[in-house]
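S.K.: Heads up: the sequence shown begins at 0 in numbering that gives the first Met the number 0, then just goes up one per residue.
Note that CB positions come from ideal geometry on N, CA and C, so glycine has one too.
Take this structure first; my questions come after.
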Amino acid sequence: MYDVWKNALAEIEQKISPANFSTWFQDTSLISTKNGNVRIGVKNTFFVKQLRNRYLDIIKTALENNNVVINTIDFEVQTSSKVKPRSREITKTDIDLKSHVKNYAKTLKTESSRQTGLNKKYTLDSFVVGSNNDLAVSVAKSIIDSPGSRYNPFFLYGGPGLGKTHLVQAIGNELLRRNPNFKIFYTPIAHFYSDFIDAIQNGKGREFSRKFEKLDCLIIDDFQFIVGKEKSQEEFFNIFNDLYQLNKQIIVTSDRLPSQIKTVDERLATRLTWAGAFDLQLPKFEDKCAILKAKAELMGAEIEDEAIEYLAENVNTNIRDLEGELSSLLVMSEVRGLTPLELIENGSIYVNKTSKLRPTSPKQVVEKVAKFYNLPVKEMCGKSRVAHIKNARQVAMFLLSKELSLSTNKIASEVGVKDHTTVMHGIKKIEKDLKLNFTLRDEIESIKEKIYG
Ligand code: ADP
Ligand code: MG
């Protein structure tokens with residue numbers, strides 16, 4: 000059975016830390032989605048506040064991605080000692096969902112009488128092009144100009160919150176705008192499965208396949224959730240092959256390459272990247288500023304350049320978080336009657352979002368530290384006791400330990416010192432200095448940026 004909240008939760012789980020997920024979402028439920036008025040059940044009023052302040056956007060996106068039409072979202076404290084069991088909601092949700100899908104189809108009627116699964120808010124116009132995504136965007140444009148030709152299938156991958164869903168839905172929306180008779184279907188892979196299983200259980204397997212055979216463009220989102228269940232994967236493979244042979248456009252997103260997904264059949268994995276694999280990367284500082292500016296403009300909000308730069312500098316996870324921080328800042332600005340920059344300057348807002356950084360090689364770390372301090376690697380890793388050279392060496396030790404978790408022995412050999420006690424001493428020294436020395440803090444942040452940026 001199609002369980003919209005379960006699917007939404009699965010999506011939310013991908014976007015926030017496990018600790019936050021279990022704290023805030025464990026006992027939530029979807030009460031109803033009637034007429035676009037979404038009601039979510041929570042444990043107590045504290046949760047209402049937290050969910051609304053911190054996770055409203057994420058909840059909204061997750062529900063929208065599951066085809067729920069949203070006008071308002073309300074949180075309700077469930078008076079019973081326990082939040083309603085899920086199984087009961089599923090039926091209710093299910094009924095609500097059906098009527099919503101119908102409404103949703105109706106809203107699309109002017110353009111298309113079919114349900115495409117596309118959310119019209121994702122457009123190419125609102126997708127900011129930068130160094131992190133320009134290649135993918137140019138492929139997207141080429142697909143819009145001639146679907147089913149050169150880039151087929153279009154395999155788009157990248158970490159969460161980097162714009163995969165936005166970009167592929169934008170392709171779908173633009174294709175539909177240009178070719179109103181085009182049959183396009185967007186679906187997260189998880190829904191593909193649940194729909195397939197539903198169809199089989201109701202003896203409608205054949206109809207299910209036929210629906211897909213008729214498509215001009217199939218968009219599959221979050222392919223990493225493909226499960227190894229033979230029958231459904233085989234069904235997907237068949238649909239894929241049929242469409243491919245007819246030169247119909249296939250678009251697939253995933254958070255990683257097919258070869259890195261354990262449950263995927265090898266032949267399918269190969270085929271998915273026949274036409275290449277294109278990725279979305281983390282935005283650089285300038286990209287982040289451009290995105291923030293565009294978003295603020297879209298929201299009709301005023302924000303100082305310095306405030307934008309502050310956010311761009313301090314959100315290093317993904318674009319979803321960037322958007323989230325911008326929204327909170329703008330909301331707070333409205334509530335407090337202060338400008339975004341005033342809030343930052345008086346310390347009401349403190350943003351620091353950094354993801355676990357990608358691993359890199361010890362050599363790279365050593366080189367970046369030496370370069371930062373304007374020293375030849377040989378000199379930094381030599382015997383000099385001159386204070387600034389020694390300091391650079393200790394910073395390298397510290398970073399090798401913190402970022403790469405190398406053993407002190409290994410670090411000793413990387414930075415050219417004899418024994419590991421010198422390394423231990425060096426790391427401790429930097430740790431201690433960091434507490435009060437703000438210049439050193441900045442230096443280390445800058446080096447980290449150089450390492451990972
Ligand atoms: P993913 O599917 O990769 O997890 P999404 O497509 O859901 O990411 O993007 C997360 C949020 O960031 C969305 O609100 C999306 O509109 C926004 N976003 C991502 N990339 C861009 C971009 N280049 N320009 C504007 N907004 C973007
Ligand atoms: Mg997505």
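1. Would you say the beta carbon of Lys-230 comes nearer than 6 Å to a heavy atom of the ligand MG?
2. In angstroms, rounded to a whole number, what distance separates the CA positions of Glu-413 and Pro-375?
3. Do Gly-227 and Thr-262 have their beta-carbon atoms positioned less than 7 Å apart in this structure?
4. Count the other C-beta atoms from every protein chain shown that fall within 10 angstroms of the C-beta of Pro-84, then say buried if there are 16 or more, exposed otherwise.
5. Which class does Gly-40 belong to by DSSP, given the choice of helix, strand or coil?
6. Give the single residue among Gly-346, Asp-432 and Val-127 whose Cα lies nearest to the Cα of Gly-162.
7. Only counting the same chain, and skipping five residues up and downstream in sequence, which positions put a Cβ closer than 8 Å to that of Arg-440?
8. Per DSSP, which one or two residues make a beta bridge with Thr-469?
9. Based on the DSSP secondary-structure assignment, which residues constitute the bridge partners of Tyr-457?
10. Would you report the Cα separation of Lys-182 and Leu-310, rounded to the nearest angstrom?
11. For Lys-352, write down the residues that DSSP places opposite it in a beta bridge.
12. Tell me which residue opens and which closes the beta strand (DSSP E) that Thr-407 is part of.
13. Taking only the alpha-carbon atoms, compute the straight-line gap between Lys-382 and Ser-400 and give it to the nearest angstrom.
14. Following the continuous alpha helix (DSSP H) through Phe-74, name the residue where it begins and the one where it ends.
15. Since Glu-285 and Gly-158 should fall inside the 8 Å C-beta cutoff, what is the C-beta to C-beta distance between them, to a whole number of angstroms?
16. Under the rule that 16 or more other beta-carbon atoms within 10 Å means buried, what is Pro-17, buried or exposed?
17. Between the C-alpha atoms of Ile-318 and Glu-229, what's the straight-line distance to the nearest angstrom?
18. Under the assumption that Ile-249 contacts Pro-187 (Cβ atoms under 8 Å), give the Cβ distance between them as a whole number of angstroms.
19. Cβ of Ala-169 within 7 Å of Cβ of Thr-115?
20. What is the C-beta distance between Val-350 and Asn-315, in whole angstroms, given that I count them as a contact (C-beta under 8 Å)?
21. At which residues does the beta strand (DSSP E) containing Leu-29 begin and terminate?
22. Report the rounded CA-to-CA distance for Val-368 versus Ile-388, giving the unit in angstroms.
23. Excluding five sequence neighbours on each side, which residues of the same chain lie with their C-beta closer than 6 Å to the C-beta of Asn-132?
24. With a threshold of 6 Å (Cβ to nearest heavy atom), would Ile-69 be considered close to the ligand ADP?
25. In terms of residues, what are the limits of the alpha helix (DSSP H) holding Gly-204?
26. State the start and end residues of the unbroken alpha helix (DSSP H) segment that holds Lys-535.
27. According to the neighbour-count rule (16 or more other Cβ atoms, all chains shown, within 10 Å of its Cβ), is Thr-106 buried or exposed?
28. Between Asp-26, Phe-74 and Leu-8, which lies nearest to Arg-38 when the distance is taken from Cα to Cα?
29. Does the separation of the CB atoms of Ala-455 and Leu-166 fall below 7 Å?
30. Could you tell me whether the segment 293 to 302 touches the segment 327 to 345, using the rule of 3 or more Cβ pairs below 8 Å?
31. Would you decide whether Lys-81 is buried or exposed? Buried here means 16 or more other CB atoms lie within 10 Å of its CB.
32. Do you know how far the Cα of Val-385 is from the Cα of Tyr-156?
33. Could you work out which residue in Leu-291, Asn-237 and Glu-344 is closest to Glu-322 when comparing CA atoms only?
34. Please report the distance separating the alpha-carbon of Asn-65 from that of Ala-7.
35. Excluding the 5 residues flanking Leu-325 on each side, which residues of the same chain have their C-beta closer than 7 Å to its C-beta?
M.R.: Checking against the coordinates, here is how it stands:
1. Using a cutoff of 6 Å, the CB of Lys-230 does not count as near the ligand MG, since none of the ligand's heavy atoms is closer than that.
2. 14 Å
3. Contact flag set, yes.
4. Confidence at Pro-84 is low in this model, with a pLDDT of 35, below 50, so its placement is unreliable and the value that follows should be read with caution. Counting Cβ neighbours within 10 Å, Pro-84 comes out exposed, since fewer than 16 surround it.
5. Note: Gly-40 maps to strand in three-state DSSP.
6. Val-127
7. Leu-433
8. No answer is possible for residue 469: it lies beyond the span of the chain, which begins at 0 and ends at 452.
9. A question about residue 457 goes unanswered here, because the residues of the chain that appear run from 0 up to 452.
10. 41 Å
11. Val-314
12. Per DSSP, Thr-407 belongs to no beta strand (DSSP E); it is in the alpha helix (DSSP H), 407 to 413.
13. 20 Å
14. Per DSSP, Phe-74 belongs to no alpha helix (DSSP H); it is in the beta strand (DSSP E), 71 to 76.
15. Contact doesn't hold; Cβ gap of about 19 Å is too wide.
16. exposed
17. 35 Å
18. No, Ile-249 and Pro-187 are not in contact; Cβ-Cβ is about 15 Å, not under 8 Å.
19. no
20. The distance from the Cβ of Val-350 to that of Asn-315 is about 10 Å, inconsistent with a contact at the 8 Å cut-off.
21. 28 to 31
22. 11 Å
23. Excluding sequence neighbours, Asn-132 sits near Leu-279.
24. no
25. 204 to 212
26. Look at the range of the chain in this structure, 0 to 452, and you will see that residue 535 is not part of it.
27. Because the pLDDT of Thr-106 is 40, which lies under 50, any placement of that residue in the model is unreliable, and the number read from its coordinates should be weighed accordingly. Exposed, by the Cβ-count rule.
28. Scanning Asp-26, Phe-74 and Leu-8 for the CA closest to the CA of Arg-38 turns up Phe-74.
29. Residue 455 cannot be examined here, being either before or after the span of the chain that is shown, 0 to 452.
30. yes
31. Legend: pLDDT at Lys-81 = 39, less than 50; position of this residue unreliable, value from coordinates given subsequently. With fewer than 16 other CB atoms across the displayed protein chains lying within 10 angstroms of its CB, Lys-81 is exposed.
32. Spanning the two alpha carbons is a distance of roughly 48 Å.
33. Leu-291
34. 7 Å
35. Leu-291, Lys-294, Ala-295 and Leu-310
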